[in-house]
Amino acid sequence: MEYELILANITQRPMRTFISIVGVALGVVLVVVVVGLSRGMLKEQGRRNSNFGAEIIFRRPGALSFTSTSGLSMPVQYGPKLAQIEGVSMVSPLGQYLKQSSQGFGVELVDGIDFPTYVRVSSIRIVEGGPFETEMDVIVDRVYSRNKNVVVGSKVEIFGRQFRVVGIYEPEVGARIKMQLDTMQRLLGAKERCSYFYVKCVDPALQEEVAKRINAQLPGNQIIFVRDIPVLYERGSKALNTFLQVVIAVALIVSTLVILLSMYTTIIERTREIGILKSLGASRSFIVRTIQQEAILISILGVLLGYLLAVAVREVVMQYTALIVDIELKWMLYAGLIGIISGFLGSLYPALRAAAQDPIKAISYE
Amino acid sequence: MSEKKVIETIDLKMTYKAGKVAVHALRGVDLVVEQGEFVAIMGPSGCGKSTLLHILGCMLKPSSGKVVIDGEDVSNMSEQERTEVRRRKIGFVFQKFNLFPTLTAEGNIRLAERIRKNGRLPDSGGVSMSEILKLLNLEGRLHHKPAEMSGGEQQRVAIARALVNHPAIVLADEPTGNLDSEHSQIVLNMFKQLNEKFGQTILMITHSEEAASVASRILRMRDGRILQ
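In order, the protein sequences belong to chains A and B. Add 2 to the 1-based position in the first sequence for the numbering used here, that's all there is to it. Add 173 to the 1-based position in the second sequence for the numbering used here, that's all there is to it.
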């Protein structure tokens, strides 16, 4: 490898090299942060939704995903029917609403709960303050209280209205903010409706038999085992996976174009030097390899900078927003690979073009 | 002097197309340069000197005729094959020095060495690098970049680079064209010493009678032919 020549070339135009490095780094940041954001939110949601005393979720057909106001589609009348099925110990209806984060960036999920049954089905307990007193009360978990600097008596805005925080609960289960289901139904105009039911079994070991009975007696609905939720969330939806593929493609294209442009201008500027190499007897492969190694070195530096920036972005995002960025080693490696592939692809055309130059014309280039 | 032919051309012709007009740069050049010779080629601009040098340096393929470099017929070789011959057998010295501005003198010399090694060519022996550097008085300038050196020093680095792989022939294209008379004389003396002390075969094209006078043989060209 022509390390000396490559390093000399890289340091010859520090600003251009820096811009190229930043271009690759941005591609890496794009992949690491967007994937981390998507997967972080899903994993966190999956973890909290599975941290529950019930074994079964009973809901309308459809993929497990974040829902908005349209999520209150299941009649609460299913509740008594579920409760009568053999093996069912308790049933609690739950509404879910996705709201804009109070910090303006990101979203937050709000649960509408039937407090008496929810407390018995789940394992939550109020550790500060108390339960709902009025319909405009909410309870929040410890993490929300700490991150958003919310205490008992604070106000939070949901549906454009001010709600009073009356209690702080533990452990983290489902959404971090919970209001009464009746209030959510009224504010969303979805009376007697909920998003789904948590079903607690008499004997958790027999949950599959209970699920079969529910399916037999209330067919046409979706039954999800709470134990499967983390996996379902981690797998993500088809739409999300497509989105991530698009992000990766965009990152690859952007990084490739940055390297292509940089190396193209480089070889134009170094036409005479390429002519000198040819006069010294450098083969086409030597010239291609030298240019590609330079581009790949720039890409490696870009990948390393991208990792640092991604970690910094993660810290800032998690500090100042409700979003969660879960940076996984696997995706960092993918992002790094994308950066290096972009270096290879972006420099291929300039390198081949340089190698194909006429030595006499190149050496007399001014 | 050895009678081994380092360069032999037979009825060498080169015709360019300049639009619809055919330009006959070489009109049948017959030339023999034997090992250990120092040949100067003189002639007016446009007489075909540079074209001849480029063909002898395997950078250009002739339209017709035969070119043999150190026993290898390069007339019909592919570009890749000619590059290989250039790497093994030819050292270039240019008027404008053509050093890499980003590399030190040593870096420039080592680059040529590595290009040869990259072609997996064994050391061909001959004059040692230390002897070349001593002769060219470059030992104290190896860590300087071209911008930090005078024109004469740069040209000496270029000569060292041309010699590092012990070529069969050094082709010099107006090597003193960018130098003042003092540095020109130094460079020419070095060519002469390389030729006399180490038997290096040199073919130099020049406009300068003074430069040509250091050569052991002077050839003159006109209208694409070597005058007898």
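Where is the CB? At the ideal position from N, CA and C, for every residue including glycine.
Next item on the list: Could you tell me which residues DSSP puts in a beta bridge with residue 191 (chain B)?
Entry: The count along the second sequence starts at 1 and reaches residue 191 (chain B) at position 18. According to DSSP, which records beta bridges pairwise, residue 191 (chain B) is partnered with B:194.
Note to self: Given a cut-off of 8 Å on the beta-carbon distance, is the pair residue 9 (chain A) and residue 253 (chain A) in contact?
What the structure shows: Position 7 of the first sequence, counting from 1, holds the residue named residue 9 (chain A). Position 251 of the first sequence, counting from 1, holds the residue named residue 253 (chain A). No, these two residues do not count as a Cβ contact at 8 Å.
Item checked: Interface flag, residue 379 (chain B) vs chain A, CB-CB below 8 Å -> As a position in the second sequence, residue 379 (chain B) is number 206, starting the count at 1. Judged by the 8 Å Cβ criterion, residue 379 (chain B) is not in contact with chain A.
Next item on the list: Please report the Cβ distance between residue 96 (chain A) and residue 114 (chain A), rounded to the nearest whole angstrom; I am assuming they are in contact, meaning their Cβ atoms lie under 8 Å.
Entry: In the first sequence, the residue the question calls residue 96 (chain A) occupies position 94. In the first sequence, the residue the question calls residue 114 (chain A) occupies position 112. Contact flag correct, Cβ pair sits at about 7 Å.
Next item on the list: Note down, in chain order, each residue of its chain lying with its Cβ closer than 8 Å to the Cβ of residue 259 (chain B), except the 5 sequence neighbours on either side.
Entry: As a position in the second sequence, residue 259 (chain B) is number 86, starting the count at 1. If the five residues before and after residue 259 (chain B) are omitted, its C-beta is found closer than 8 Å to the C-beta atoms of 230, 231 and 232, all from its own chain and listed in chain order.
Check: Cβ of residue 256 (chain B) less than 8 Å from any chain A Cβ?
Finding: Stepping through the second sequence from its first residue, residue 256 (chain B) is reached at position 83. Closer than 8 Å to some Cβ of chain A, the Cβ of residue 256 (chain B) qualifies, so yes.
Next item on the list: Go to residue 336 (chain A), then tell me how far its alpha helix (DSSP H) extends in each direction, as first and last residue.
Entry: On the first sequence, position 334 is the one that residue 336 (chain A) refers to. Going by DSSP, residue 336 (chain A) is part of the alpha helix (DSSP H) stretching over 331–357.
Note to self: What ranges does the beta strand (DSSP E) occupy inside the region 285–359 of chain B, keeping only unbroken runs of at least 3 residues that lie completely in it?
What the structure shows: Within the region 285–359 of chain B, the complete beta strand (DSSP E) runs of at least 3 residues are 342–346.
Note to self: What residue range does the beta strand (DSSP E) around residue 130 (chain A) cover?
What the structure shows: Counted from its first residue, the first sequence places residue 130 (chain A) at position 128. 127–131 is the extent of the beta strand (DSSP E) around residue 130 (chain A).
Notebook entry, point to check: Would the beta-carbon of residue 158 (chain A) fall within 8 Å of that of residue 152 (chain A)?
Noted result: Counted from its first residue, the first sequence places residue 158 (chain A) at position 156. Counted from its first residue, the first sequence places residue 152 (chain A) at position 150. Yes, Cβ-Cβ distance for residue 158 (chain A) and residue 152 (chain A) is below 8 Å.
Next item on the list: Output, in chain order, the set of chain A residues within a Cβ distance shorter than 9 Å of residue 282 (chain B).
Entry: Taking the first residue of the second sequence as 1, we reach residue 282 (chain B) at position 109. Result: empty, since nearest Cβ-Cβ is about 11 Å, beyond 9 Å.
Margin query: Is the beta carbon of residue 203 (chain A) closer than 8 Å to that of residue 57 (chain A)?
Written below: Along the first sequence, one-based indexing puts residue 57 (chain A) at 55. Along the first sequence, one-based indexing puts residue 203 (chain A) at 201. Yes, these two residues count as a Cβ contact at 8 Å.
Note to self: With a threshold of 8 Å between beta-carbons, can residue 193 (chain B) be considered close to chain A, or not?
What the structure shows: If you number the second sequence from 1, residue 193 (chain B) lands on position 20. No, its Cβ sits nowhere closer than 8 Å to a Cβ of chain A.
Checklist line | Distance CB(residue 44 (chain A))-CB(residue 235 (chain A)) smaller than 8 Å | finding: The sequence position of residue 44 (chain A) within the first sequence is 42, counting from 1. The sequence position of residue 235 (chain A) within the first sequence is 233, counting from 1. Against a cut-off of 8 Å, the Cβ pair of residue 235 (chain A) and residue 44 (chain A) comes out as a contact.
Check: Taking the continuous alpha helix (DSSP H) assigned at residue 182 (chain A), which residues delimit it?
Finding: Within the first sequence, numbered from 1, the residue matching residue 182 (chain A) stands at position 180. Counting along the chain, residue 182 (chain A) falls outside any alpha helix (DSSP H), though it belongs to the beta strand (DSSP E) covering 179–182.
Item checked: CB contact check: residue 309 (chain B) to chain A, cutoff 8 Å -> Stepping through the second sequence from its first residue, residue 309 (chain B) is reached at position 136. By this cut-off, residue 309 (chain B) is not an interface position.
Notebook entry, point to check: Can you list, in chain order, the residues of its chain whose CB lies under 8 Å from that of residue 322 (chain B), leaving out five sequence neighbours each side?
Noted result: The sequence position of residue 322 (chain B) within the second sequence is 149, counting from 1. Counting only Cβ-Cβ distances below 8 Å, and skipping sequence neighbours, we find 278, 314 and 330.
Notebook entry, point to check: Apart from the five residues just before and just after residue 179 (chain B), which ones in its own chain have a Cβ nearer than 6 Å to its Cβ?
Noted result: The residue labelled residue 179 (chain B) in the question sits at position 6 within the second sequence. Once the five neighbours on either side are set aside, the close Cβ partners of residue 179 (chain B) are 206, 208, 243, 341, 342 and 374.
Margin query: Counting C-beta neighbours from all protein chains within 10 Å, is the total for residue 328 (chain B) 16 or more, i.e. buried, or is it exposed?
Written below: As a working note, residue 328 (chain B) is residue 155 in the second sequence. Residue 328 (chain B) is buried by the Cβ-count criterion.
Note to self: Run through chain A and tell me which residues come within less than 8 Å of residue 302 (chain B), C-beta to C-beta.
What the structure shows: In the second sequence, residue 302 (chain B) corresponds to position 129, counting from 1. By Cβ distance, chain A contributes nothing, its closest Cβ being about 16 Å from residue 302 (chain B), past 8 Å.
Note to self: I want to see whether chain A comes within less than 8 Å of residue 186 (chain B), judged by CB atoms only; does it?
What the structure shows: Walking along the second sequence from the start, residue 186 (chain B) turns up at place 13. It does not; no Cβ of chain A falls within 8 Å.
Margin query: Within 10 Å of its beta-carbon, does residue 274 (chain B) have 16 or more other beta-carbons around it, so buried, or fewer, so exposed?
Written below: Locating residue 274 (chain B) in the second sequence gives position 101, where the first residue counts as 1. Its Cβ having fewer than 16 others within 10 Å, residue 274 (chain B) is exposed.
Item checked: Cα-Cα separation between residue 54 (chain A) and residue 336 (chain A), rounded to whole angstroms -> Mapped onto the first sequence, residue 54 (chain A) falls at position 52. Mapped onto the first sequence, residue 336 (chain A) falls at position 334. About 34 Å.
Note to self: How far does the beta strand (DSSP E) with residue 224 (chain A) in it extend, from its first residue to its last?
What the structure shows: On the first sequence, residue 224 (chain A) is found 222 positions in, with the first residue counted as 1. 224–227 is the span of the beta strand (DSSP E), which, as asked, contains residue 224 (chain A).
Next item on the list: Consult DSSP for residue 238 (chain B) and reduce its assignment to one of helix, strand or coil.
Entry: Taking the first residue of the second sequence as 1, we reach residue 238 (chain B) at position 65. Looking at residue 238 (chain B) - three-state DSSP - the assignment turns out to be strand.
Next item on the list: Using alpha carbons as the reference points, say which of A:357, A:117, A:82 and A:363 lies closest to residue 253 (chain B).
Entry: Residue mapping note: residue 253 (chain B) aligns to position 80 of the second sequence, counting from 1. Relative to the Cα of residue 253 (chain B), the nearest Cα in the group A:357, A:117, A:82 and A:363 belongs to A:357.
Margin query: Would you say the beta carbon of residue 348 (chain B) is closer than 7 Å to some non-hydrogen atom of the ligand COA?
Written below: Within the structure as shown, the ligand COA is missing, as the structure has no ligands at all.
Checklist line | Under 8 Å between C-beta atoms of residue 35 (chain A) and residue 312 (chain A) | finding: Position 33 of the first sequence, counting from 1, holds the residue named residue 35 (chain A). Position 310 of the first sequence, counting from 1, holds the residue named residue 312 (chain A). By the CB criterion at 8 Å, residue 35 (chain A) and residue 312 (chain A) fall inside the cutoff.
Next item on the list: Measure from the C-beta of residue 316 (chain B) to each C-beta in chain E and report whether the shortest distance is under 8 Å.
Entry: Any reference to chain E falls outside this structure, whose protein chains are A and B.
Item checked: Those residues which DSSP pairs with residue 98 (chain A) across a bridge -> Against the first sequence, residue 98 (chain A) aligns to sequence position 96. Partner(s): A:113.
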